Structures are given as C-alpha cells and as structure tokens.
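First up is the structure itself, then whatever we jot down about it.
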Amino acid sequence: MTTVPSTAHAPLKPYAANDPLALIDVDHVRFYVGNAKQAAYFYAHCFGFTIEQVSDQTTGSRDEANYLLTQGNIRFILTSGLTKDHPASKEVAQFGDGVKDVAFTVFDATKAWEKAVKNGATPAPGGEPKVYSDEKGSITKASIQTYGRCIHSFVSRTGAYELTKVKQGGLLNPMFRKLEGIGVNDYNKQHPCGLKYVDHLVGNVEMGKMNHWVKFYEDVLEFTMFKHFDDKDISTDFSSLMSKVMASGNNLIKMPINEPAPGKKKSQVQEYLDWHDHTPGVQHLALRTDDELHSIAALRARGVDFLTLPEAYYDKVWERVNSMLKQHGHQAVREDHERVKQLGILVDSDDEGYLLQLFTKPLQDRPTLFFEIICRRGSQSFGKGNFKALFEALEMEQGKRGNL
Ligand SMILES: [Fe+2]
Numbered sequence: 012m013t014t015v016p017s018t019a020h021a022p023l024k025p026y027a028a029n030d031p032l033a034l035i036d037v038d039h040v041r042f043y044v045g046n047a048k049q050a051a052y053f054y055a056h057c058f059g060f061t062i063e064q065v066s067d068q069t070t071g072s073r074d075e076a077n078y079l080l081t082q083g084n085i086r087f088i089l090t091s092g093l094t095k096d097h098p099a100s101k102e103v104a105q106f107g108d109g110v111k112d113v114a115f116t117v118f119d120a121t122k123a124w125e126k127a128v129k130n131g132a133t134p135a136p137g138g139e140p141k142v143y144s145d146e147k148g149s150i151t152k153a154s155i156q157t158y159g160r161c162i163h164s165f166v167s168r169t170g171a172y173e174l175t176k177v178k179q180g181g182l183l184n185p186m187f188r189k190l191e192g193i194g195v196n197d198y199n200k201q202h203p204c205g206l207k208y209v210d211h212l213v214g215n216v217e218m219g220k221m222n223h224w225v226k227f228y229e230d231v232l233e234f235t236m237f238k239h240f241d242d243k244d245i246s247t248d249f250s251s252l253m254s255k256v257m258a259s260g261n262n263l264i265k266m267p268i269n270e271p272a273p274g275k276k277k278s279q280v281q282e283y284l285d286w287h288d289h290t291p292g293v294q295h296l297a298l299r300t301d302d303e304l305h306s307i308a309a310l311r312a313r314g315v316d317f318l319t320l321p322e323a324y325y326d327k328v329w330e331r332v333n334s335m336l337k338q339h340g341h342q343a344v345r346e347d348h349e350r351v352k353q354l355g356i357l358v359d360s361d362d363e364g365y366l367l368q369l370f371t372k373p374l375q376d377r378p379t380l381f382f383e384i385i386c387r388r389g390s391q392s393f394g395k396g397n398f399k400a401l402f403e404a405l406e407m408e409q410g411k412r413g414n415l
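Position one of the sequence shown corresponds to residue 12 (our numbering), numbered consecutively onward.
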C-alpha cells in the first residue's frame, strides 16, 4: 500500500532556459475594487491576509490607490481609482469588484510580451513594456489581453525588487511603501489561516467560446490541456456547464475555462455573465492549504460565508471516496470524518489520491467572484465527484437570488 503524498506542488516541469514564456511564479493577482482601503480590511479580517504595503496619495500616486495583501505565497493587489475616469473606476461601475490581472513573474517581461504578441495576443491598453526603477532595483511590466475584462501581465524583477526579496517582506515595486502598526496584521500572525498559494483560477466565458479561449492559451501562452469535462460530467436535472482545464508548461498554474451549456434552468456560468455585464471574467480563485480542517475552521470563525451542502452528501461520500482510494492502493482519507462533516467540507478522490475543498459564496454583492479553499493529498483533479452536489447547492443559492 502506498501512502497518499502530502500537498506538495505537482512537480514543476523545467522550462527550456531560453524560453521567454517560462512562468516562474504567479507574481500577483490584481483586483479592481470600489474601495481598496475597505476591501483590504475585509480580506485581512475574513481570510487572514496581511495588509503589507500601500501605494496611494502618500506615495505620490494621484489617480489610484493600491494595497498589497500577502499570505504564504499569495500576493493580491487591490486597486481603486481616485477619479471617475480612472479605468478601475469605470470597470467597477460596469462589473463590480473582481479580478483584473493575473500577473506572472518571468525572466524578461519584454521578451515574454513580444513572444506572446507574436503568438497572437492583443496587447492590453497601455500594456507595452514599461520599466519602473530606482537606485535599489527595477521591475519591467508588460500586459496582454485575455478573456473579457481580464489581462495577464508579465513582470520581471531586479535588485531589491526580485521576487525572492518581495517574499521576505521587500517592497513589491518602487511605488509602494510598507504599512506598520495595523492591529489585524498582528492578530493574523498569531492566528494564521494557512493559505499558501493560488492553486488554480477559473474563467467563465460565453456559450460557444470555450474552445476559442482554449486555443488562445495553447497558442499564446503555450499552455496544454490538462483535463476536460463535458455537460454530462457537470450537470444536474436543471443546469449545466462545460469546462476545459489549461495548464502552464511547467504546471505552475492551472486555468479551467467554463462555458454555460443549455439546461432546463439557468447555468451558474450564465448567472455570472448576466451580472458581469455579459462579459467573461474570473469566476473563482482556488487557494491552497496544507490543512483544510484548520483553514476552514479558522475562516468560518472569522465569518466567511461558505456554500452549504445537502446533509445527504455525507451519507455516501466516504464509501465513494475511500473505495476509490483502496482500489488504487492508497490509504483512506486521514482527516477526521466527523469533523469534515461538521465543517461542511467536500471530499473527492481519483487514481492519484484525494482532495478536500470548499467554496465561499460570492465575495461581493453581485454573484460573480468567489474563492475555493483546497487541500490536495495526491489528487491533481478538481473534485469531479462533487460537481452534482455542489451544483445543487449553487442552484439553491441562485434560487434565493431570483436568478435560476
Ligand atoms: Fe476550482
């Protein structure tokens, strides 16, 4: 019998050293929000993020405020426009709060951007390579358009702004300053939530457009298809969707792409699009933990609102999951089964092991972006065995919102 390995990354495959599109890390995820200062406290209090740095009027930024929030190897930048014509102000009016940019650290942002554009990418507005530097170092940033309102930036770093130094508390770039004396940061240090990094990130696109965006990730960023699910995998009696999972060349990041499929009632993907000005965007960010029970208990205690599964889910889950594990020579789920149920966590298994996962309700008033908290014990999949129960829970929420 083999032991299901713990939660290490799927082994990162090496890139060719001279490949401009080699992705070193998720540099940061930028959100456009209505009020960055207040949003920073929401993510700090509810999810345990450290409010680490700021770039605002006090640092000479006259038209936008940016807060850097960190936890483990997760970096969020929350951006608000300070004028009505700032792009963030306009997009917040159009879409509500949400993800604008999924930025990747690369060796040379200019070369990465040039290759992506040569591969067919459209430069993001104002996305041509720009260098920001001071005597301590520099960052170069260049951006391309992806689905809907979202962009991917390439970021390369030198000197004090190298990512290894940022991870140790160094400034993200020359425009930021450190924040001191924030009580919630001290509290979070004493009471960590255990979120480590962005495991995957799901985009919702319009009906009939999934394959277009699959090809975009293949052609432009040289991703490969990891898995796909059709509407038979992901449907209930009422609603359905289709999904293909794209993975970066080294498995650093997986980006499933969903499109709605016709059903008797409205697909959750369609609900998202309806409330996102009929525009594709990021549906959820999955944040990885090594200890699902600890993380979910901590987040629940902080007031995070999670989806509630039907009680009957736990009648069958252990038999389903543990028999699959046994069949493939793995040990049964090692977490306390009763505690998993109490915390309302979902479990699934495949030939490689198992995973624990749970989904928050939407993080803003519009039913758009939400988070998933995921712990992998061998399984590199996405919880296919939970789709049905999960979608029924989602439909219940859609019904409460009058969107089914
Ligand atoms: Fe997910």
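Cβ atoms here follow ideal geometry from the backbone N, Cα and C, with glycine treated the same way. Note that the structure is predicted; figures quoted are calculated from it, not measured.
Counting along the chain, where does the alpha helix (DSSP H) carrying residue i start and finish?
i: Val117; result: Here Val117 belongs to no alpha helix (DSSP H), and DSSP marks it neither H nor E.
i: Arg331; result: Tyr324 to Gln338
i: Thr175; result: Leu174 to Lys178
i: Val147; result: A quick correction: the sequence has Lys, not Val, at residue 147. No alpha helix (DSSP H) holds Lys147; DSSP gives it neither H nor E.
i: Glu408; result: Phe398 to Lys411
i: Lys101; result: Pro98 to Phe106
i: Leu354; result: Here Leu354 belongs to no alpha helix (DSSP H), and DSSP marks it neither H nor E.
Closest by CA to residue i, which one among the options?
i: Thr202; options: Gly396, Thr61 and His39; result: Note that residue 202 is His in the sequence shown, not Thr. Nearest of Gly396, Thr61 and His39 to His202, Cα basis: Thr61.
i: Leu79; options: Met266, Cys161, Gly159 and Gln64; result: Gln64
i: Phe227; options: Pro267, Asp302, Val37 and Glu383; result: Pro267
i: Phe426; options: Lys411, Asn199, Gln68 and Asp301; result: Summary: the structure shown does not reach residue 426, with the chain confined to residues 12 through 415, and so no result is reported for it.
i: Gln141; options: Arg160, Ala123 and Thr300; result: Before going further, note that residue 141 is Lys rather than Gln in the sequence given. For the residues Arg160, Ala123 and Thr300, the minimum Cα distance to Lys141 belongs to Ala123.
i: Ala27; options: Leu298, Asn261 and Gly396; result: Asn261
i: Gly314; options: Val40, Asn46, Ala55 and Ala76; result: Ala55
i: Ala114; options: His39, Asp359 and Glu217; result: His39
i: Ala33; options: Phe58, Trp224 and Thr121; result: Thr121
i: Ser164; options: Val117, Lys265, Gly109 and Pro273; result: Val117
i: Lys126; options: Lys147, Gly137, Lys111 and Ala153; result: Ala153
i: Val209; options: Asn196, Pro321, Thr371 and Lys265; result: Lys265
i: Ile155; options: Lys372, Asp96, Phe87 and Leu232; result: Leu232
i: Val216; options: Pro185, Val280, Leu206 and Asn184; result: Val280
i: Ala76; options: Asn84, Met218, Gly181 and Gly92; result: Gly92
i: Leu182; options: Thr169, Gly194 and Ile193; result: Thr169
i: Arg345; options: Ala312, Arg388, Cys57 and Pro25; result: Arg388
i: Asp416; options: Leu212, Met407 and Leu380; result: The question about residue 416 has no answer here: the residues shown for the chain are numbered 12 through 415.
i: Asp30; options: Glu408, Ser259 and Gly364; result: Ser259
i: Leu252; options: Ile356, Phe382, Glu146 and Lys220; result: Lys220
i: Leu212; options: Gly194, Tyr198, Lys255 and Asn196; result: Lys255
i: Lys147; options: Phe106, Val177 and Leu369; result: Val177
i: Asp96; options: Arg73, Ala400 and Arg41; result: Arg73
i: Lys238; options: Gln391, Ser306, Leu318 and Asn184; result: Gln391
i: His287; options: Arg377, Tyr158, Val195 and Ile384; result: Arg377
i: His341; options: Gly274, Glu322 and Glu363; result: Glu363
i: Phe87; options: Asp112, Phe106, Lys327 and Asn414; result: Asp112
i: Thr157; options: Leu401, Thr81, Gly138 and Glu282; result: Gly138
i: Asp119; options: Glu173, Asn199, Glu403 and Leu298; result: Glu173
i: Leu298; options: Lys101, Phe42, Leu206 and Asp361; result: Leu206
i: Tyr324; options: Gly274, Leu415 and Glu349; result: Glu349
i: Gly180; options: Lys411, Glu322, Gly83 and His289; result: Gly83
Name the two residues that bound the continuous beta strand (DSSP E) containing residue i.
i: Arg313; result: Premise fails: Arg313 is in no beta strand (DSSP E) and is neither H nor E.
i: Thr169; result: Ile162 to Gly170
i: Arg387; result: Phe381 to Arg388
i: Glu270; result: Lys265 to Ala272
i: Val344; result: Element bounds for Val344: n/a, residue is neither H nor E.
i: Phe87; result: Ile85 to Gly92
i: Glu63; result: Thr61 to Ser66
i: Gln201; result: Not the beta strand (DSSP E): Gln201 falls in the alpha helix (DSSP H), residues Gly194 to Gln201.
i: Met221; result: It is not in any beta strand (DSSP E) - Met221 instead sits in the alpha helix (DSSP H) that spans Met221 to Asp230.
i: Phe370; result: Gly364 to Phe370
i: Lys48; result: Counting along the chain, Lys48 falls outside any beta strand (DSSP E), though it belongs to the alpha helix (DSSP H) covering Ala47 to Phe58.
i: Tyr283; result: No beta strand (DSSP E) contains Tyr283, which is instead part of the alpha helix (DSSP H) from Gln279 to Asp285.
i: His211; result: Leu206 to Asn215
i: Ser251; result: Ser251 to Ala258
i: Gly292; result: Gly292 to Thr300
i: Gln391; result: Premise fails: Gln391 is in no beta strand (DSSP E) and is neither H nor E.
i: Leu80; result: Glu75 to Gln82
i: His39; result: Asp36 to Tyr43
Using 8 angstroms for Cβ pairs, my map puts residue i next to residue j. What's the rounded Cβ distance?
i: Cys204; j: Leu310; result: 6 angstroms
i: Ala99; j: Thr90; result: 5 angstroms
i: Val332; j: Asp359; result: 6 angstroms
i: Gly292; j: Arg160; result: 6 angstroms
i: Ile150; j: Val166; result: 6 angstroms
i: Met257; j: Phe234; result: 4 angstroms
i: Phe370; j: Glu383; result: 5 angstroms
i: Ala400; j: Leu320; result: 6 angstroms
Is residue i close to chain C, meaning its C-beta is less than 8 angstroms from at least one C-beta of that chain?
i: Gln82; result: No chain C is part of this structure, which consists of one protein chain only.
**Item:** Exercise answer, beta-carbon shell around ligand 1 heavy atoms below 5 angstroms
**Value:** Ala297 and Glu383
**Message:** Under 8 angstroms, with one C-beta from each stretch per pair, do the stretch 319-332 and the stretch 392-402 reach the 3-pair mark?
**Reply:** Taking 8 angstroms as the limit for Cβ pairs, the verdict is that the stretch 392-402 does touch the stretch 319-332.
**Item:** Sufficient close CB pairs (3 or more, under 8 angstroms) joining the stretch 42-50 to the stretch 176-193
**Value:** Output reads no: the stretch 176-193 does not touch the stretch 42-50.
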